[in-house]
Amino acid sequence: MAIKEAGKSLIQNTFKQTGRGITSRKRKRIKVFEKRPELKPSKRCCKIDITKSKSGKTSKKTKETKRGNQKAIFENSSPVIRSEVDFFQVLPTDASIEKSLYVEYTPTTNVQENSSQIEFVIPESSNFYRDFQKSFMYIVCQVVNDDNSNLPNEVIPPPEYYYDETAKTIQLKAYKEPDHLVAPVNNIGHSLFSQCDCFINDVMVSQTNNLYGYRGIMEAMLNYGSEYKTCQGGLSLYTQEKHPHEFQTKIDDGYKQRYEAVKGSKMLELISKPCADIFHLPKYLLNGTCIKLKFTRNSHEFCLLKPSTSAKKYKIKIHSASLFIISHQLYPWLRVAHEKLLSQNHSAKYSFRRVEMKTFLVSTGSKSISKENLFYGHVPVRIVVDFVDNAAVIGSSTLNPFAFDNFDVSYFSVLVDDEQICFKPLKLDFDSNQSLLGFYTLLTSSGVAHQDLGIGLNREDYITSSKALFAFNLCPAVEDDVFSIHRTGNIRYSI
């Protein structure tokens, strides 16, 4: 027989709220929890017992009960079980990798004959898959005089001060005899090279430019925090510099650390992860693939700094170089499965973000700059802009190539198809310490803004330590695990 309309309506409304369907059981118990106005679960509940007799009649009993330990579940919320009380599940087992090992590859060229290039060839292998994300380069070198003689083991003299009668201030004296106080530039593990060409099965997959050292220093500055820079950054001799553009008269702790590492022509060990897109692949490279890496060296004038303006020359002498690639041997059943899929015209798919480096010349004395079509055909995810003296980029031992001065920039605007990027055009005044929005662009583009994270820089470093970089996100959402929609447009900046 049909259920009475009142009971039927009560059952339907109750099951609609709980999200459960009506079953064909004879006896149903429905718990309806009352919520207080402040949306806190109540300890009191109303239990409704609905019984259907053989004759078709329904009877209903309602009583109010207390559930001291039972909490109501909020609507649209799913119950979960904590892992601490899940006693019947174990961790999954990796059944793909049979063994892993590091394989050392030496250059095909003689690095001790002042060769301008270092080339590595990783031959194809039928058993091993290469993991470039965990690979690294190991270099042993020393700083010597131009005639291959060793540097003297000098100690940096303590700073001397004097009172300037004209300025009525205490000034730092310049070093009288700064000869042999030569030190490598910052992050020499990457700055030693100007370019890295990558070939996969004789097909070039890298960008050709001479800005390899700048990519290395910018990734170290913006992608890592203080702990990395003080610990792992030292592997490539990365140091924090307070006055990178004043090393001729004011040697800071960063310069001293690099000088102490090479004084007396001591052997210098360097470990660095090559700054190439292939070394950021999250997946292993397929077996049967041949890789060729060609590193082009920077000039000695670019790699070495000296406080003296004397004509004496120095150079970096490389004694050995090795590339360590971690190789994984998969179980045979998985290798056979890969070969079967590849034979069926399935393509292996690798997802990575490509990094492009470009330079633009600004004429001396220019008060404003405006340039369009920065990148042809597509809009990148983000752009990072810095300003460097052109002579330092070419190579000069008296100019720091990584002194990113602000050059009194007072206005910075980036537009994509005439639409403003960033919160608003940056209006800056570095002399009056009004440049916080420029520093904030580094935090937002790095994804650390309003989080318990950092990039190892503070607002004081940004203003006074020649680290004036500007970063802009050109996509609505920048996430590491998803791609952004491919966009085309005209990018224009005004400075």
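If you read the sequence shown in our numbering, its first letter stands for residue 19, the second for the next number, and so on. Just so it is clear, CB atoms sit at the ideal spot from N, CA and C, and this is done for glycine as well.
Range of the contiguous alpha helix (DSSP H) that encloses residue i
i    : result
N408 : 408 to 412
Q275 : 271 to 280
N491 : From DSSP, N491 is part of no alpha helix (DSSP H) but of the beta strand (DSSP E) over 488 to 491.
Y368 : It is not in any alpha helix (DSSP H) - Y368 carries neither H nor E in the DSSP assignment.
E478 : 477 to 482
S464 : 454 to 464
I206 : 206 to 209
Span of the beta strand (DSSP E) around residue i
i    : result
R510 : 509 to 512
V162 : 146 to 163
A339 : 332 to 348
S290 : 286 to 290
K389 : 388 to 390
V403 : 400 to 403
D112 : From DSSP, D112 is part of no beta strand (DSSP E); its letter is neither H nor E.
D470 : First-last for D470: undefined, no H or E at that position.
I136 : 135 to 140
Y302 : Element bounds for Y302: n/a, residue is neither H nor E.
Where residue i sits in the DSSP three-state scheme
i    : result
F297 : helix
Q189 : strand
T314 : strand
Q250 : helix
Y230 : helix
K442 : coil
E374 : coil
V121 : strand
I91  : coil
V432 : strand
A201 : strand
C216 : strand
V129 : helix
I99  : coil
E172 : coil
V380 : coil
L255 : coil
D449 : helix
I309 : strand
K358 : helix
E319 : helix
F420 : coil
E437 : strand
With 16 other Cβ atoms within 10 Å as the buried cut-off, status of residue i
i    : result
D164 : exposed
R315 : buried
D404 : buried
Q225 : buried
L359 : exposed
Y179 : exposed
A421 : buried
K84  : Annotation note: pLDDT 47 at K84 (below 50); position unreliable, coordinate value reported separately. When all chains shown are included, K84 counts as exposed.
N219 : exposed
R372 : exposed
K514 : The chain is shown only over 19 to 513; residue 514 falls outside these bounds and no answer can be derived.
Chain C contact for residue i (CB, 8 Å cutoff)
i    : result
E245 : Protein chain content of the structure displayed is limited to a single chain, and chain C is not contained in it.
Pick from the options that is closest to residue i, judged by C-alpha positions
i    : options                : result
D465 : S484, Q107, C493       : Sequence inspection shows Gly at residue 465; the Asp mentioned does not correspond to that position. Checking every option, the nearest Cα to that of G465 belongs to C493.
V121 : N128, M155, V103       : M155
F320 : E278, M239, V500, H208 : H208
L454 : E437, V432, F488       : F488
K389 : S431, A421, F138       : S431
Q130 : V158, N228, Y123, V108 : V158
E137 : I289, E116, F313, E374 : F313
L460 : G474, N451, D447       : G474
I509 : I174, F393, K442       : F393
L322 : E374, F92, S96, N418   : N418
I206 : V221, M236, M222       : M236
S334 : K247, P325, A201, S381 : Strictly speaking, residue 334 in this sequence is Ile, with Ser absent from that position. Considering only alpha carbons, the answer is A201.
Q213 : H198, R233, N204       : R233
S153 : E142, N128, L119       : L119
L311 : K331, F217, E374       : F217
Cβ shell of residue i (< 7 Å), same chain only, five flanking positions each side left out
i    : result
N87  : Note that N87 scores a pLDDT of 44, beneath 50, so its modelled location is shaky and nothing firm can be said.
S283 : Q160, V161, V162, N168, L169
I481 : F448, N451, S453
V397 : V434, L492, R505, T506, G507, I509
D426 : F448
P125 : I136, E137, F138, A339
Q250 : none
M285 : V158, Q160
Close Cβ partners of residue i (< 8 Å) along its chain, the five nearest in sequence each way excluded
i    : result
Y302 : Y147, R148, D149, H346
F501 : S369
Beta-carbon proximity list for residue i, same chain, < 6 Å, skipping 5 on both sides
i    : result
Q258 : G272
D479 : K485
S290 : M155, G207, H208, S254
Check: residue i C-beta below 7 Å from any heavy atom of the ligand FMN
i    : result
T187 : In terms of ligand content, the structure shown is empty, and the ligand FMN therefore cannot be addressed.
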